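I have placed the structure first, in the form of C-alpha cells, so that the comments after it can refer back to it.
Chains as they are written, first to last, in our numbering: chain A, 42 to 362; chain B, 7 to 98.
Have a look at this one:
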C-alpha cells in the first residue's frame, strides 16, 4: 500500500513538472491554456496528497472555474478574427537581437534559484512551525477549522490586504478598458438552460462553503470563487446587468468586503488596542460577518474581472456621442 | 478495501496520461478542450476515491466544486474562442 501511494505521488509529481514545462514551452496558446487547466487539476490532487484540502478547494474553485474561462476570454480578445485552430504565437522577427540580452534574466533567475535552494536545504529537517500555538489558541479563535482561525483571526490583516489586492486588480482592469453592456446574441437553448440550472446551485454551494469554513475546509475565498463562477456563467450566457446597477450599486458591493474588514479593524483597535483582535465570545459571529461580506465582494469582483473593463466608462462615452 | 481505492485512483491517474496524448496531438481545438473535460471528470473520480481511502469527507467538497465548475472552461471556449464556428452555424 505504501508502494501504491509512492507510485501515485511520484507519477503525480512528474506529470505536474512535465505539464508545467509543456504549458510554458508550447507556442500554441490554446494548447497552453488546456495544459494549464490540466495542471490546475493535478495541482489540486497534489494539495490533497499533501493533506491540505483547504488549498485544494481554492485551487479547484479558481483553477477549474475561473482561470480557464478568464484565459479563454483573453485569448479570444488577442485573436478576434483569426481561424479558431490557429492560436500560434507569431514568430519573432528580431530573435537574434533579443537573444543577446537573454542571458541577463537567466543569470538573475539562476542566482535566485541557488539562493532559494540553499535556504531550503539549510532548513531543519523537521519543524513544528506555529501549528502547536494555533492548536493551543483554537478555542478562543471563534472557528474550529485551524485554517479559518489563522486567516480570519490570528492573521486577519493578511486577509484584509488580500481582498484589497483583488480590488486593486479590478481597478487596474477598469483603467485599461471599458466593457460593453449590450446584450450578446442569444446563447441557444442548451447554454441558457445550463445557466438557469447551475446558477442557483452555485449560489447554494457558495453559501455551504462559507458556512462549513468555520469547522472544515472552506471559507470566504472558496465561496467567493464559486459565486464569481456563477457570475461568469451568466455573463457567458449573454446576461448583462442593467446599466443602472453598474454605477453606485456595483461599487458599493465591491467595497463591502474591504470596508467591513476596515470597520472591524478600527473598532477592535479602539476597543481592545489591537487591530483585528476579537473578543473571544464574539469572535465566531465577527468571523462569519467578515467572511460573508468578503464572499460577496470576492464573487462580484471576480465576475467583474471577467467582464474585462469598466462598465460605466462605456456608458459615459455613449452618452457623449 | 483501501488498497482497492488507491489502486483505482492510480489507474485513473494513468488514464489522465492517456488523455494528455489527445491534448498534445489535437488535431482540433475541440479535441483538446474535450480532453480537458475528461480530465475534470477523472479528477472528480480520483478525489472521491481518495476521500474514501483516507476517510476525509472534505475531499468530497473538493470533488463537488470540481464537478460544478468543470464545465466553465468549456462554456468559455464555445462562447469566446470558437467564434468562426458560431458565426457559421448562425442562420444568415
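All C-beta atoms in this analysis are idealised placements derived from N, C-alpha and C, irrespective of residue type, glycine included.
Just so you know, these numbers come straight off a predicted model, no measurement behind them.
- A Cβ-Cβ contact shorter than 7 Å links residue 83 of chain A with residue 57 of chain A.
- The beta-carbon separation of residue 347 of chain A and residue 115 of chain A, rounded to 10 Å, does not stay under the 8 Å limit for a contact.
- DSSP places residue 144 of chain A in the uninterrupted alpha helix (DSSP H) bounded by 144-163.
- Under DSSP, the beta-bridge partners assigned to residue 219 of chain A are A:351.
- Under the DSSP assignment, residue 309 of chain A falls in the alpha helix (DSSP H) whose first and last residues are 289-313.
- At a Cβ-Cβ threshold of 7 Å, residue 272 of chain A and residue 344 of chain A count as neighbours.
- Around residue 39 of chain B, the beta-carbon contacts reaching into chain A at under 7 Å are 75.
- Contacts with chain A at 7 Å (Cβ-Cβ) do not include residue 7 of chain B.
- Sorting A:235, A:149, A:280 by C-alpha distance to the C-alpha of residue 223 of chain A places A:280 at the top.
- Scanning its chain for C-beta atoms nearer than 7 Å, with the 5 sequence neighbours on each side dropped, one finds around residue 50 of chain A the residues 90, in chain order.
- Taking residue 73 of chain B as reference, the option from B:86, B:51, B:84, B:60 with the minimal CA-CA separation is B:51.
- The Cβ of residue 302 of chain A sits no closer than 7 Å to any Cβ of chain B.
- Taking one beta carbon from each stretch, the stretch 79-86 of chain B and the stretch 274-290 of chain A have 3 or more pairs nearer than 8 Å; the two touch.
- A Cβ of chain A is located within less than 7 Å of the beta carbon of residue 79 of chain B.
- Interface criterion met: the Cβ of residue 113 of chain A is under 7 Å from a Cβ in chain B.
- By the Cβ test, the stretch 179-195 of chain A is in contact with the stretch 255-273 of chain A, since at least three Cβ pairs between them sit closer than 8 Å.
- Taking the C-beta atoms as reference points, residue 71 of chain A is found nearer than 7 Å to residue 35 of chain B.
- Within chain B, 74 have C-beta atoms less than 9 Å from the C-beta of residue 242 of chain A, given in sequence order.
- The C-beta distance from residue 349 of chain A to residue 265 of chain A rounds to 19 Å, too long to fall under 8 Å, and the pair is not in contact.
- Counting only the Cα atoms, residue 80 of chain A lies some 27 Å from residue 143 of chain A.
- With a threshold of 7 Å between beta carbons, residue 296 of chain A makes no contact with chain B.
- Under the Cβ criterion (8 Å, minimum of three pairs), the stretch 316-333 of chain A counts as touching the stretch 175-184 of chain A.
- Under a 10 Å Cβ-count criterion, residue 163 of chain A is classified as exposed, with fewer than 16 other Cβ atoms of the shown protein chains found around its own Cβ.
- One alpha carbon belongs to residue 353 of chain A, the other to residue 159 of chain A, and they sit about 50 Å apart.
- Taking the Cα positions, residue 218 of chain A is about 38 Å away from residue 255 of chain A.
- If you draw a straight line from the Cα of residue 21 of chain B to the Cα of residue 334 of chain A, it comes to about 41 Å.
- Classified as exposed, residue 216 of chain A has fewer than 16 neighbouring CB atoms from the shown chains inside 10 Å of its CB.
- By the Cβ neighbour-count rule, residue 304 of chain A is exposed, with fewer than 16 other Cβ atoms within 10 Å of its own.
- At least 7 Å separates the CB of residue 251 of chain A from every CB of chain B.
- By the criterion of a C-beta distance shorter than 6 Å, residue 102 of chain A is surrounded in its chain by 263, 266, 267, once the five residues flanking it on both sides are discounted.
- Of the candidates B:76, B:47, B:7, B:53, B:47 places its Cα closest to the Cα of residue 25 of chain B.
- Against residue 49 of chain A, the close residues of chain B are 12, 15, 16, 19, in the order they occur along the chain (beta-carbon pairs closer than 8 Å).
- Not a single C-beta of chain A is nearer than 7 Å to the C-beta of residue 51 of chain B.
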